[in-house]
Every structure is written in structure tokens, then in C-alpha cells.
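Under the UniProt record's numbering, the first residue of the sequence shown is numbered 1, with each subsequent residue one higher. Glycine included, C-beta positions come from ideal geometry on N, C-alpha and C. To start, the structure under review is shown below, and the notes come after it.
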Amino acid sequence: MKKVIIFSAPSGSGKTTLVKHSLEAIPELEFSISCTTRQPRGSEIHAVDYHFISPEEFRQKISEDAFVEFEEVYTDKYYGTLKSEVEKIWNLGKVVIFDVDVKGGISLKKYFGDKALSIFIQPPSIEELERRLISRNTDDAETIKTRVEKAGEELSYAKEFDKIVINSDLNEAKKEMEILIKSFIEN
Ligand code: 5GP
1 MKKVIIFSAP SGSGKTTLVK HSLEAIPELE FSISCTTRQP RGSEIHAVDY
51 HFISPEEFRQ KISEDAFVEF EEVYTDKYYG TLKSEVEKIW NLGKVVIFDV
101 DVKGGISLKK YFGDKALSIF IQPPSIEELE RRLISRNTDD AETIKTRVEK
151 AGEELSYAKE FDKIVINSDL NEAKKEMEIL IKSFIEN
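Structure follows, in C-alpha cells:
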């Protein structure tokens, strides 16, 4: 059966680490590469982490109805899930894994229904989230401020997800996620 796993969380909650871990631990999973208009960060690679495209290309894809969902996650920074990515992964006989913002996660769950398991990764607290963003050292102070403010709002949507994993201990969270995903895939 065609299935998808949706991961959403405020930025800095350890979501990317958990997504990467799940991809390594569970070979049936394949990551859906989103499109974004933001610039690559650190060691990110085009067509691996994201399809980094221009605002014009992004608008073109909207007009072609190429996205399952898209959001302006930050001012002037667009992110979107391609229908073609999902089809490509299903054609490989694999389960799609999405790393999207909270609104995108809710849209994807509505779209895929019972085919989807939606998981919300919750940081232990807003203060801890801020500490993590600062120590990650990839964003300037202004960006961190915006992300922390947004996180407060995003936490209120946790209840809309099928499952919540609280990431206070990374190893515990990894184990919990593996169990959730495996049981969803197998049943
Ligand atoms: P970042 O800039 O840190 O890579 O991502 C910022 C936020 O955008 C993260 O919460 C990430 O999960 C989310 N995001 C990435 N791709 C998509 C997408 O295709 N759709 C939506 N709605 N959000 C996305």
C-alpha cells in the first residue's frame, strides 16, 4: 500500500536529526525533497536537501499545480512539496517521508488521510529550543528570534497530529520514532 510519514516540528526541535536517523534505520523510507526559494545553508546540496529554486521558478510550479502543498514559511521564503516526488518514491515501492512545517504537515495529513502517519516533534521547552538554535550556529540573531516566535505558535498545533514525540532525550526519541514508523508500515 502507498504510505507516507509526515514529520513536523518547530525549527530547532531536532526534527532533521530524527528524520535522518529514521532514513538510516528504516530502509523502506525515502525522503521527499522539497522546493524552496531560500539560499542553501552550510553543507546543503541542491537536489539532495532541497531543490533550491528562484521565486520565478516557484511561481511557475504553483501555476502548473505541481505542489501537493506549499507555504510561505518565513517572509518571502517559500517551501513546497512536489506531487512528482511522491509519485517517484511510490513507484520505487517505498514509503515517503516528509519534513515540513506545521501548517504543511496538517495539509499533507488532510490530503493523504489514512495513507499518512503524522508525527509532531516537540522540543522540551521554548527556552531549550532557543538554546539549540544558538548552539547550531547556522542562523543570525534576527533569524533565531523569528524562529523562536514562530515556534510558540506552532506548539499549539501539536494536537492536530496523529502522534507527538517529545525530544528531551535524543536516543529515546529516536527509539520511539522507529517503533511508531515500523508499526505503521507493517500494519
Ligand atoms: P529550513 O529553512 O530550516 O530548512 O526549513 C524551515 C521549515 O520549512 C522547516 O520546518 C521545514 O520542515 C519546512 N519545510 C521544508 N520543506 C517544506 C515543504 O515542502 N512544505 C512546507 N510546508 N514546509 C517545508
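By the criterion of a C-beta distance shorter than 7 Å, Asp140 is surrounded by no residue of its chain, once the five residues flanking it on both sides are discounted. DSSP, reduced to helix, strand and coil, places Ser13 outside both helices and strands of the structure shown, so it counts as coil. As computed with DSSP, Thr81 is found in a beta bridge with Glu69. In the three-state scheme derived from DSSP, where H, G and I count as helix and E and B as strand, Val86 is classed as helix.
CA-CA distance, Asp114 to Leu29, rounds to 17 Å. Annotation: Ser34 to Tyr79 spans about 7 Å, alpha carbon to alpha carbon. Assignment of Gln60 by DSSP, reduced to helix, strand and coil, places it in the helix class.
When secondary structure is reduced to three states using DSSP, Lys163 falls in the strand class. Of Val4, Lys61, Glu153, the smallest CA-CA separation from Ser125 is found for Glu153. Sequence-distant Cβ neighbours of Asp99 in its own chain, meaning closer than 7 Å and more than five residues away, are Phe7, Lys15, Thr16, Val19. Per DSSP, the continuous alpha helix (DSSP H) segment holding Tyr111 begins and ends at 102 to 112.
Taken in chain order, the unbroken stretches of alpha helix (DSSP H) that lie wholly in the stretch 116 to 157 and span 4 residues or more are 126 to 136, 141 to 155. Here the alpha carbons of Phe70 and Ile62 stand approximately 8 Å from one another. By the beta-carbon neighbour count (other beta carbons within 10 angstroms, threshold 16), Ala47 is exposed. Taking the Cβ of Phe31 as the reference point, every heavy atom of ligand 1 lies at 8 Å or farther away.
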